[in-house]
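Chains as they are written, first to last, in my numbering: chain A, 5 to 156; chain B, 1219 to 1933.
For glycine and all other residues, C-beta sits at the position ideal for the given N, C-alpha and C.
Take a look at the structure below.
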Amino acid sequence: MCKRRTVLLAALTVLCVVAAGGTVAVTPGSDAALPETASGTFIQRKTLADVEVTITSTGTFRFEKGRLFEWRTLKPLPSTFTATPTNYAITVNGKTSTRNLKSNVDEIAKIFEIKEVKEFVKSVKSEPQVGFPNKVTVEFKNGDRLDIEMKR
Amino acid sequence: MKTARIVLVVLIALAGAALAWRVCEGLHVETDVLALVETEHSGSLMELAAGRARQGQLLLEGGDEEQLVKVANVLSEQFKLNTAVDFQKTLRYLAPRTRGLVSAETRELLRAGKFKDVANASAARLFGPVPPLFSVKDDPFLLATDYAMSMQSNLAPGWSLKDGYPVCERGDRHFLLMQCGDLSLEKAEEIMQGAERINGSFAAGFAKIWCCGPVFHTARSTSSAKREINLLSVISVVLVALLGWMLFSSWRFVPQLLVTVGVAFFVAIGALFAFFPCPHVITFVFGVTLIGLAVDYVYHSRSAGGAGKVLKPLTQSLATSLACFAPLLFADISAMRQMALFTMAGLAGAYLCALAWRPNGGDVGRVSRPARPRARGTRAPTFAIGAGLLVIAAMCGICRVKVSFEPSAFYSPGKFLAEGEKRLFELNPMGGGKFACIKGKTLQESLEIEEAAGLRGLSAVIPSLRRQSENVALVEKLKEREGNAYTELTGLKMPQEDTRGFLDVANVEDESLKKVVRSFSPRGKEIVVPCPDEFQSADPRVVVLDPRQAAKKMFARLFISAGKLFYISLAALAVLLIVFFRKKFLDYMSGVGGAVLCTMGMLGWLGIPLTCFTLLCFFVMAGLGLDYVIFHRSKPAPETRRTVLYSFLSSLAGFGMLAFTEFPVTRGMGVTLAFGLFFAYLYSFDEFFRRRRVTSSPEAGKQGRTKNSNASRGE
Chain A
5 MCKRRTVLLA
15 ALTVLCVVAA
25 GGTVAVTPGS
35 DAALPETASG
45 TFIQRKTLAD
55 VEVTITSTGT
65 FRFEKGRLFE
75 WRTLKPLPST
85 FTATPTNYAI
95 TVNGKTSTRN
105 LKSNVDEIAK
115 IFEIKEVKEF
125 VKSVKSEPQV
135 GFPNKVTVEF
145 KNGDRLDIEM
155 KR
Chain B
1219 MKTARIVLVV
1229 LIALAGAALA
1239 WRVCEGLHVE
1249 TDVLALVETE
1259 HSGSLMELAA
1269 GRARQGQLLL
1279 EGGDEEQLVK
1289 VANVLSEQFK
1299 LNTAVDFQKT
1309 LRYLAPRTRG
1319 LVSAETRELL
1329 RAGKFKDVAN
1339 ASAARLFGPV
1349 PPLFSVKDDP
1359 FLLATDYAMS
1369 MQSNLAPGWS
1379 LKDGYPVCER
1389 GDRHFLLMQC
1399 GDLSLEKAEE
1409 IMQGAERING
1419 SFAAGFAKIW
1429 CCGPVFHTAR
1439 STSSAKREIN
1449 LLSVISVVLV
1459 ALLGWMLFSS
1469 WRFVPQLLVT
1479 VGVAFFVAIG
1489 ALFAFFPCPH
1499 VITFVFGVTL
1509 IGLAVDYVYH
1519 SRSAGGAGKV
1529 LKPLTQSLAT
1539 SLACFAPLLF
1549 ADISAMRQMA
1559 LFTMAGLAGA
1569 YLCALAWRPN
1579 GGDVGRVSRP
1589 ARPRARGTRA
1599 PTFAIGAGLL
1609 VIAAMCGICR
1619 VKVSFEPSAF
1629 YSPGKFLAEG
1639 EKRLFELNPM
1649 GGGKFACIKG
1659 KTLQESLEIE
1669 EAAGLRGLSA
1679 VIPSLRRQSE
1689 NVALVEKLKE
1699 REGNAYTELT
1709 GLKMPQEDTR
1719 GFLDVANVED
1729 ESLKKVVRSF
1739 SPRGKEIVVP
1749 CPDEFQSADP
1759 RVVVLDPRQA
1769 AKKMFARLFI
1779 SAGKLFYISL
1789 AALAVLLIVF
1799 FRKKFLDYMS
1809 GVGGAVLCTM
1819 GMLGWLGIPL
1829 TCFTLLCFFV
1839 MAGLGLDYVI
1849 FHRSKPAPET
1859 RRTVLYSFLS
1869 SLAGFGMLAF
1879 TEFPVTRGMG
1889 VTLAFGLFFA
1899 YLYSFDEFFR
1909 RRRVTSSPEA
1919 GKQGRTKNSN
1929 ASRGE
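Take a look at the structure:
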């Protein structure tokens, strides 16, 4: 019981820090650190080790805890990646392709650790470690790497 | 009698030779119910049934998906089920074999020439947060990653994968499906018992486990049948032995009964295997009725003090029974011909054995008598009035008789299994339960046919090699058209040489993919795919099967055939009875007809539908029922009456027990035979049809049958 409470508090603190940079809705009467929604901008650098290429993209994001995570790339190619608890969709030029896939949209850092690549993930680091991550780094076993900077 | 012994020895020798011949070749018995009748697609249906025979699913239902996954993991561990898809392992296996793998959606776009759309979607994926699942060195457009993502959905259409399990939700309820292939019946029963135990221990709403699929039904039916057979057989044997003892006041009839029944079955099985290399198991089930017929011969020959003393009624009984079953020999349905041959050969064996048996033992010719002779006087009219009213009441039920070809009339699962099937059916995205059976010469060809027919079964997971080659050509075009722009946008270069191979469905080594292949193609060549109700194909290699409709057709054909043959049997009986009894034949014939109508009426009152199996019981009923009339009238004496009574009670104890079984087919047969034998016995009484006035005076008793009747009452 005590352990669960500690984990819960830690999660709440994470979301509280997230709120520091984004639009945060706080549940009245609960711990002030519990953001239900967050949104902002991002810069993403995806390094593909086997071809030694780094792909950079920028855009906006929207997070609704347990409901939705929207990753809207604006440059270089406008597109939207949307993850819900039951599926995810990619929209390009108004055309959406959807896949049934269970996603964890409870924590932002976890979203980058989606099921397909989970076993290939070497590590997921977020800064600050508690709260909304301004920086998330995902390292893959094959040498690929994902660096994301998020601003509210 | 000497001739009978010689003929019997020859028959036994022939039966033994036939059996030895078949044993050398390997004895085979057909157990598939679909093999009963050859219909248009019975071969394909049998393949479908054989492929699915050992397959089952566990459907977990609950309010929380995480909990369902935990329960699934516990079940997998406990029962060693290994049902979860290890997607990571599959991805590792796929990595060097992704050259021709393109998702169906992307393929459609490429075929439609929408190369720009595909390139944009690939770039969007690349710029998105999801990393590629395979190296971009050979696959800069991430087409293999797209294929792998779409494959997840195709592994279980309409379901999402969570921790390797297909899951879905309806309202506030979550469902998780565990596919169990190749389950043994013992394991299936063990799982069912475990599931029922777990369901009982969980709080309502936490999680429910439902067992679905053929293997669970077979396992439950088998265990239930075993339990019933053991219990009812013991009761039947005890009752038959007790009745025999009550008739003869001795156990000395037992050896003769055992030998006669044994010989009857040996000759019957020998004859069956001589003409049918792979007889149907239903023949043996139906053949159990031979016991009732053999008991008659033993009781009558023994109570008369030797078969020679009842040779005429015994022979008449055999002849009428043979005439009753003979038309079935000309049935166009093999199982019916088998039943006729089995019963006729067995009857001949029992008859010859009864003749050949040397009468001995203190009980021979000595049937125990009732302790207290009943008072006569008004008994006959009272009996006739009572019986008449009973018959009229029974016959009134005919207007309520229903004929059923519905599979549910032949099998109805218990509540637990029925609930599970109902839930799974509601969650099935395909709906109706139709299947397409694709028959290629090889699995690869079947896959190509499936793709050409536009079905999304195995080919949605593993495309054919031909399609993979086509995909390679389409991707080459994509590179030509969009390669430069894509490289400029993403920085990824187009590969000069592709080092990857193709994924061959015939040589899959990954366990999860192997399971998928086996579920679509249990026999390794044909593919069986669930298809939408409206699906049709002009290709003769694609057979659309509706198992429910096919079963209905099969049972209807069996019923119609049995019905027609029963009319012929009655006609054959009528001819034979005219030959034997001339003007009195109607007394015999009306008894059979009356018993048939009363039994049908009782089925109507009880709401038991008339099916092909209950209809087959009418043949037995006619054969046994006529025996009662023949023996009653051959020598109307108290001994005969008593022997007929005990013969009837023994048959009732044997067949009537079937009425207490759970399986609707055997239950229906038991009820039909019980009422059939009862009414046939009732109609066999002289008093029932007596046209002359029944009197108790000794003078009148000297005339005709009244005399016999008096004598029969022991006066």
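{"query": "DSSP three-state assignment for A/Glu143, whether helix, strand or coil", "result": "strand"}
{"query": "Cβ-Cβ distance between B/Arg1226 and B/Cys1617 below 8 Å", "result": "Arg is not the amino acid found at residue 1226 of chain B; the sequence shown has Leu there. Cβ atoms of B/Leu1226 and B/Cys1617: not closer than 8 Å."}
{"query": "Residues near A/Gly26 by beta carbon distance below 7 Å, same chain, minus five either side", "result": "Residue placement at A/Gly26 is flagged as unreliable, the pLDDT there being 31, under the threshold of 50; a coordinate-derived value is accordingly withheld."}
{"query": "Cβ shell of B/Leu1891 (< 6 Å), same chain only, five flanking positions each side left out", "result": "Cys1835 and Phe1873"}
{"query": "Chain A contact for B/Lys1355 (CB, 8 Å cutoff)", "result": "yes"}
{"query": "Within 8 Å of chain A by C-beta, residues of the stretch 1617-1646 of chain B in sequence order", "result": "none"}
{"query": "Validate contact between the stretch 1327-1335 of chain B and the stretch 1377-1391 of chain B using beta carbons, cut 8 Å, 3 pairs", "result": "no"}
{"query": "C-beta contact flag for B/Val1481 and B/Ile1230 at 8 Å", "result": "yes"}
{"query": "Cβ of B/Arg1196 within 8 Å of any chain A Cβ", "result": "An answer regarding residue 1196 of chain B cannot be provided, because it is not within the stretch 1219 to 1933 covered by chain B."}
{"query": "Alpha-carbon spacing of B/Arg1438 relative to B/Pro1599, whole angstroms", "result": "51 Å"}
{"query": "Neighbour flag for B/Gly1709 against chain A, beta carbons, 8 Å", "result": "yes"}
{"query": "Between the CA atoms of B/Ser1368 and B/Lys1659 - distance to the nearest angstrom", "result": "28 Å"}
{"query": "Min CB distance B/Asp1751 to chain A below 8 Å", "result": "no"}
{"query": "Own chain residues within Cβ distance below 8 Å of B/Gln1306, not counting five before or after", "result": "none"}
{"query": "8 Å Cβ cutoff met for B/Ala1671 and B/Val1760", "result": "yes"}
{"query": "Beta-bridge partners of B/Cys1655, as assigned by DSSP", "result": "B/Val1746 and B/Val1761"}
{"query": "7 Å Cβ shell around B/Pro1545 - same chain, five flanking residues per side excluded", "result": "Leu1783, Ile1786, Ser1787 and Ala1790"}
{"query": "Under 7 Å by beta carbon: chain B residues contacting A/Val96", "result": "Asn1338, Ala1339 and Ala1342"}
{"query": "Any C-beta of chain A under 8 Å from that of B/Ser1294", "result": "no"}
{"query": "B/Phe1897 versus B/Gly1812: straight-line alpha-carbon distance, rounded", "result": "8 Å"}
{"query": "Whether B/Leu1876 touches B/Gly1888 by CB criterion (8 Å)", "result": "yes"}
{"query": "Opening and closing residue of the alpha helix (DSSP H) in which B/Gly1564 lies", "result": "Ser1552 to Ala1574"}
{"query": "Chain A contact residues for B/Asp1335, given Cβ-Cβ distances below 8 Å", "result": "Val96, Asn97 and Lys99"}
{"query": "Pair within 8 Å by beta-carbon distance, B/Phe1543 and B/Phe1866", "result": "no"}
{"query": "Beta-carbon proximity list for A/Glu153, same chain, < 6 Å, skipping 5 on both sides", "result": "Ile47 and Lys139"}
{"query": "Cβ shell of A/Asp148 (< 7 Å), same chain only, five flanking positions each side left out", "result": "Thr51, Leu52 and Ala53"}
{"query": "Buried versus exposed, by CB contacts within 10 Å (16 or more), A/Val11", "result": "Because A/Val11 sits at a pLDDT of 37, beneath the cut-off of 50, its placement in the model cannot be relied upon, and the point is left open."}
{"query": "Interface partners of A/Asp54 on chain B, CB under 9 Å", "result": "Ser1353, Val1354 and Lys1355"}
{"query": "Simplified DSSP assignment, three categories, for B/Gln1397", "result": "strand"}
{"query": "B/Phe1753 vs B/Ile1745 beta-carbon contact at 8 Å", "result": "no"}
{"query": "Reduced DSSP secondary structure (H/G/I, E/B, other) of A/Met154", "result": "strand"}
{"query": "As assigned by DSSP and simplified to three states, the class of A/Phe73", "result": "strand"}
{"query": "Cβ-Cβ separation, B/Val1247 to B/Cys1496 (assumed contact under 8 Å), whole Å", "result": "7 Å"}
{"query": "Residues that A/Phe144 contacts on chain B, provided the C-beta gap is smaller than 7 Å", "result": "Pro1349"}
{"query": "B/Val1303 - DSSP class collapsed to helix/strand/coil", "result": "coil"}
{"query": "8 Å Cβ cutoff, B/Phe1359 in contact with chain A", "result": "no"}
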